Amino acid sequence: MKKVYDNCCGIDVHKKLMVACFIHGKEQEIREFGATTRELLELADWLSKGGCQMVAMESTASYWKPLYNILESSGLHAMVVNAQHMKAVPGRKTDVKDSEWIADLLQHGLLQPSYIPDRDQRELRELVSYRKSLIHDRTRELNRLQKMLEGANIKLSGTITDINGKSARNILDTILSGTAIDSSKYDEMYKKKIIAHNLKASKEQIMDDLNGFMSPLQRKMMKELLEHVDELNVHIEHLNDDIDSHMKPEEKQAAEAIREVTGLGIISAQAVIAVIGTDMSRFPTDNHISSWAGLCPGDNESAKKRRSGKTRKGNSLLRTTLIVCAHSAAKVKNSYFRAQFQRISAHRGSKKAYVAVAHSMLIAIYHILKDGVAFQDLGADYYNQFNKERKINAYLKKLKALGWEMPEAMEAQLA
Numbered sequence: 002m003k004k005v006y007d008n009c010c011g012i013d014v015h016k017k018l019m020v021a022c023f024i025h026g027k028e029q030e031i032r033e034f035g036a037t038t039r040e041l042l043e044l045a046d047w048l049s050k051g052g053c054q055m056v057a058m059e060s061t062a063s064y065w066k067p068l069y070n071i072l073e074s075s076g077l078h079a080m081v082v083n084a085q086h087m088k089a090v091p092g093r094k095t096d097v098k099d100s101e102w103i104a105d106l107l108q109h110g111l112l113q114p115s116y117i118p119d120r121d122q123r124e125l126r127e128l129v130s131y132r133k134s135l136i137h138d139r140t141r142e143l144n145r146l147q148k149m150l151e152g153a154n155i156k157l158s159g160t161i162t163d164i165n166g167k168s169a170r171n172i173l174d175t176i177l178s179g180t181a182i183d184s185s186k187y188d189e190m191y192k193k194k195i196i197a198h199n200l201k202a203s204k205e206q207i208m209d210d211l212n213g214f215m216s217p218l219q220r221k222m223m224k225e226l227l228e229h230v231d232e233l234n235v236h237i238e239h240l241n242d243d244i245d246s247h248m249k250p251e252e253k254q255a256a257e258a259i260r261e262v263t264g265l266g267i268i269s270a271q272a273v274i275a276v277i278g279t280d281m282s283r284f285p286t287d288n289h290i291s292s293w294a295g296l297c298p299g300d301n302e303s304a305k306k307r308r309s310g311k312t313r314k315g316n317s318l319l320r321t322t323l324i325v326c327a328h329s330a331a332k333v334k335n336s337y338f339r340a341q342f343q344r345i346s347a348h349r350g351s352k353k354a355y356v357a358v359a360h361s362m363l364i365a366i367y368h369i370l371k372d373g374v375a376f377q378d379l380g381a382d383y384y385n386q387f388n389k390e391r392k393i394n395a396y397l398k399k400l401k402a403l404g405w406e407m408p409e410a411m412e413a414q415l416a
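Here the sequence shown is numbered in this note's numbering, starting from 2 and rising by one per residue.
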């Protein structure tokens, strides 16, 4: 088999141990290093002096990140490879054999590198991922608040849509302070615009929904919960500022461009750009980026029989972000994504339909970034443009089955 690299190194990565197999020419040398910065610098210096052309390592948890950072800063070329793509023979597994197997595969060009962005984009990813975690924490706390309100028989969420909104929060602060909201108190809060004037619920309905019973313990727990929500809001705002300052001008421009896609907001657009970047040349086609994101059907065929085509595991941040956006896009009336969702969910189920909508959104994002085109919604009547006669005949058959008789003039016209 033809050799691609004369000098290369395969590294078996662990939490506190790095086993490196350095192949140079017909010889190979195996060394063990710790995971501290000092020892990783010694590893990089050893490879640099040996003229190493490429380093390969498994994507083991997050243990590969410090090693990759050191190799990158030392000017060495390195690739991170999916562990499933280079499994050794079962029953013959040791750290030394693993490193030798990785080095042997690398030398003959049999490894497919994972997409690892530059350091600036990796740091932007961490900021966006951390913000997403905090937003999830805030959502869990608000759901817990809703349960507490139901336990106190206060139907605030049935009256006000957003219990984290300004009006709902002002009402909660008043209740938790021990002040009863009677008719006069409500009029005072309404006059001072503490309660918004554009609420759909009437005064009588709000007063009736707030007439509950809250024990001292429930009041104390809600105060603690709201303080936690306030802290999370502050941290999320700080992260928003950090992300905005960390993004490059071209990344901000790309985020604004893909915001035109139905269902995508500024937070989601920033998350997408943080994951895939702005250079689409790394993905030859939209099929490649869809496969990498885990949003396209999988290939599983044997003996000309199509087996389960479930999606593969892709980038979790990109996949979950787009599926959440797909839920929003499917609710937009007179949009292509809504028509696509309704068409697929009718016979495949809503979950698969949301994945299909997310797949279409990613394809649109890819071409916006690669070709520099503006997003154009295909419209809710896109699928009605195909096979019109067949669809008309199918609907007529259903009407006849329900007992409807076609007028003779219409029947002659269709004939």
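In this text, a Cβ means the ideal position worked out from N, Cα and C, and glycines have one as well.
Predicted model only: the values in this text are computed from it and were never measured.
Under three-state DSSP, which class holds Asn212? Here residue 212 refers to the residue found at position 211 when the sequence shown is read from its first residue. The answer is coil: DSSP assigns Asn212 none of H, G, I, E or B.
Report yes if the C-beta distance between Asp287 and Tyr367 is below 7 Å; otherwise report no. The count along the sequence shown starts at 1 and reaches residue 287 at position 286. The count along the sequence shown starts at 1 and reaches residue 367 at position 366. Yes; because the gap between Cβ atoms is below 7 Å, this pair is in contact.
Could you check if Thr38 belongs to the surroundings of the ligand FAD, using beta carbon to heavy atom distance under 6 Å? The model on display carries no ligand, and the ligand FAD is accordingly not part of it.
What is the C-beta distance between Val273 and Leu319, in whole angstroms, given that I count them as a contact (C-beta under 8 Å)? Translated into the one-based positions of the sequence shown, residue 273 becomes position 272. Translated into the one-based positions of the sequence shown, residue 319 becomes position 318. Yes, Val273 and Leu319 are in contact; Cβ-Cβ is about 7 Å, under 8 Å.
By Cβ distance, which residues of its chain are closer than 6 Å to Met215, with the 5 residues on each side in sequence left out? Indexing the sequence shown from 1 puts residue 215 at position 214. Closer than 6 Å at the Cβ level, and outside the excluded window around Met215, lie Ala153.
Only counting runs of 4 or more residues, tell me where the alpha helix (DSSP H) segments fall wholly within the region 177 to 208, in order along the chain. 184 to 192
Alpha carbon to alpha carbon, what distance is there between Asp245 and Asn171? Taking the first residue of the sequence shown as position 1, residue 171 is located at position 170. Taking the first residue of the sequence shown as position 1, residue 245 is located at position 244. Rounded to the nearest angstrom, the two C-alpha atoms are 30 Å apart.
Am I right that Val236 and Leu135 are in contact with their C-beta atoms under 8 Å? What's the rounded C-beta distance? Counting from 1 along the sequence shown, the entry for residue 236 is found at position 235. Counting from 1 along the sequence shown, the entry for residue 135 is found at position 134. The sequence as given places His at residue 236; Val does not occur at that position. Between Leu135 and His236 the Cβ distance is about 6 Å, and since that is below 8 Å, they are a contact.
Going by DSSP in three states, Leu22 sits in which element: helix, strand or coil? Sequence index remark: in the sequence shown, residue 22 carries index 21 (1-based). For the sequence presented, residue 22 should be read as Cys rather than Leu. Correct three-state label for Cys22: strand.
Beta-carbon gap between Glu142 and Leu218 smaller than 7 Å: For the purposes of this step, residue 142 is taken as residue 141 along the sequence shown, with counting starting at 1. For the purposes of this step, residue 218 is taken as residue 217 along the sequence shown, with counting starting at 1. Result no, Cβ atoms of Glu142 and Leu218 do not sit closer than 7 Å.
Helix, strand or coil: which one does DSSP assign to Phe34? Walking along the sequence shown from the start, residue 34 turns up at place 33. Three-state DSSP puts Phe34 in a strand.
Could I get the ranges of all uninterrupted alpha helix (DSSP H) runs contained in the region 96 to 181, with 4 residues as the minimum, in chain order? 96 to 108, 120 to 152, 157 to 160 and 167 to 177
Looking at the secondary structure, which residues open and close the alpha helix (DSSP H) in which Met222 lies? For the purposes of this step, residue 222 is taken as the residue at position 221 of the sequence shown. It spans Pro217 to His247 - the alpha helix (DSSP H) in which Met222 sits, taken as one unbroken run.
Sorted by chain position, which residues of the same chain lie with C-beta nearer than 8 Å to Gln54's C-beta, five sequence neighbours on each side aside? In the sequence shown, residue 54 corresponds to position 53, counting from 1. Same-chain partners within the cutoff: Tyr6, Asp7, Asn8, Cys9 and His78.
Exposed or buried, which one is Val374 when buried takes at least 16 other CB atoms within 10 Å? If you number the sequence shown from 1, residue 374 lands on position 373. Under this definition Val374 is an exposed residue.
What would DSSP say about Lys16, mapped onto helix, strand or coil? Counted from its first residue, the sequence shown places residue 16 at position 15. Residue state, collapsed to three classes: coil.
Give me, in chain order, the residues of the same chain whose beta-carbon lies closer than 8 Å to that of Arg126; leave out the 5 immediate sequence neighbours on both sides. Here residue 126 corresponds to residue number 125 of the sequence shown, with the count starting at 1. Contacts found: Pro118, Ala275, Val276 and Leu318.
Starting from Val358, trace the beta strand (DSSP E) both ways and give me its first and last residue. One-based indexing of the sequence shown puts residue 358 at position 357. Counting along the chain, Val358 falls outside any beta strand (DSSP E), though it belongs to the alpha helix (DSSP H) covering Ser351 to Asp372.
Could you have a look at Asn8 and say whether DSSP puts it in helix, strand or coil? Within the sequence shown, numbered from 1, the residue matching residue 8 stands at position 7. Asn8 falls in the strand class under three-state DSSP.
Following the continuous beta strand (DSSP E) through Glu257, name the residue where it begins and the one where it ends. Residue mapping note: residue 257 aligns to position 256 of the sequence shown, counting from 1. That residue, Glu257, is in no beta strand (DSSP E); its alpha helix (DSSP H) goes Pro250 to Ile259.
Contact between the region 94 to 108 and the region 14 to 34 is defined here as three or more beta-carbon pairs at a separation below 8 Å; is this criterion met? yes
Check whether the region 100 to 110 and the region 187 to 202 touch, using three or more Cβ-Cβ pairs below 8 Å as the test. no
When the Cα atoms are used, what is the spatial distance from Glu257 to Ala84? Position 256 of the sequence shown, counted from the first residue, corresponds to residue 257. Position 83 of the sequence shown, counted from the first residue, corresponds to residue 84. Distance between the alpha carbons of Glu257 and Ala84 is about 36 Å.
Comparing alpha-carbon positions, which option in Leu106, Arg123 and Gly11 lies nearest Asn70? Mapped onto the sequence shown, residue 70 falls at position 69. Comparing Cα-Cα distances from Asn70 to each of Leu106, Arg123 and Gly11, the minimum goes to Arg123.
Quick one: what's got a C-beta closer than 8 Å to Ala381's C-beta in the same chain, skipping five residues either side? Against the sequence shown, residue 381 aligns to sequence position 380. Counting only Cβ-Cβ distances below 8 Å, and skipping sequence neighbours, we find Lys334, Asn335, Ser336, Tyr337, Arg339 and Ala340.
Please state if the CB of Gly295 and the CB of Lys314 are separated by a distance shorter than 7 Å. To locate residue 314, count along the sequence shown from 1; it is residue 313. To locate residue 295, count along the sequence shown from 1; it is residue 294. Yes, the Cβ-Cβ distance between Lys314 and Gly295 is below 7 Å.
Whole-angstrom C-beta distance between Gly11 and Ala57, which should lie under 8 Å: In the sequence shown, the residue the question calls residue 57 occupies position 56. In the sequence shown, the residue the question calls residue 11 occupies position 10. Rounded, the Cβ-Cβ distance is 5 Å, consistent with contact.
Start and end residues, beta strand (DSSP E) containing Val56: As a position in the sequence shown, residue 56 is number 55, starting the count at 1. Val56 -> beta strand (DSSP E) spans Met55 to Glu59.
Looking at the strands, I want to know which residues DSSP matches up with Val81. Residue 81 sits at position 80 when you count from the first residue of the sequence shown. DSSP lists Met58 as partners of Val81.
Could you check what DSSP says for Glu302 in three-state terms: helix, strand or coil? Taking the first residue of the sequence shown as 1, we reach residue 302 at position 301. Here Glu302 sits in strand by DSSP.
Short of 6 Å in beta carbon distance, which residues of its chain neighbour Phe342, apart from the five on each side in sequence? Order them along the chain. Numbered from its first residue, the sequence shown carries residue 342 at position 341. Only Ala331, Ala354 and Val358 meet the Cβ criterion.
Straight-line gap, Asp243 to Tyr131 (C-alpha atoms, nearest Å): As a first step, residue 243 is located in the sequence shown; it is residue number 242 there, counting from the start. As a first step, residue 131 is located in the sequence shown; it is residue number 130 there, counting from the start. Approximately 12 Å between the Cα atoms of the pair.
C-alpha gap between Ala255 and Ile267, whole angstroms: What you label residue 255 is simply residue 254 of the sequence shown in a count that begins at 1. What you label residue 267 is simply residue 266 of the sequence shown in a count that begins at 1. Rounded to the nearest angstrom, the two C-alpha atoms are 11 Å apart.
Rounded to the nearest angstrom, how far is the Cβ of Ala365 from that of Val262, given a contact under 8 Å? As a working mapping, residue 365 is identified with position 364 in the sequence shown. As a working mapping, residue 262 is identified with position 261 in the sequence shown. Correct: roughly 5 Å between the Cβ atoms.
With which residues is Glu28 paired in a DSSP beta bridge? As a working mapping, residue 28 is identified with position 27 in the sequence shown. Glu28 pairs with His25.
On the three-state DSSP scale, how would you describe Arg307? Sequence index remark: in the sequence shown, residue 307 carries index 306 (1-based). Strand at Arg307.
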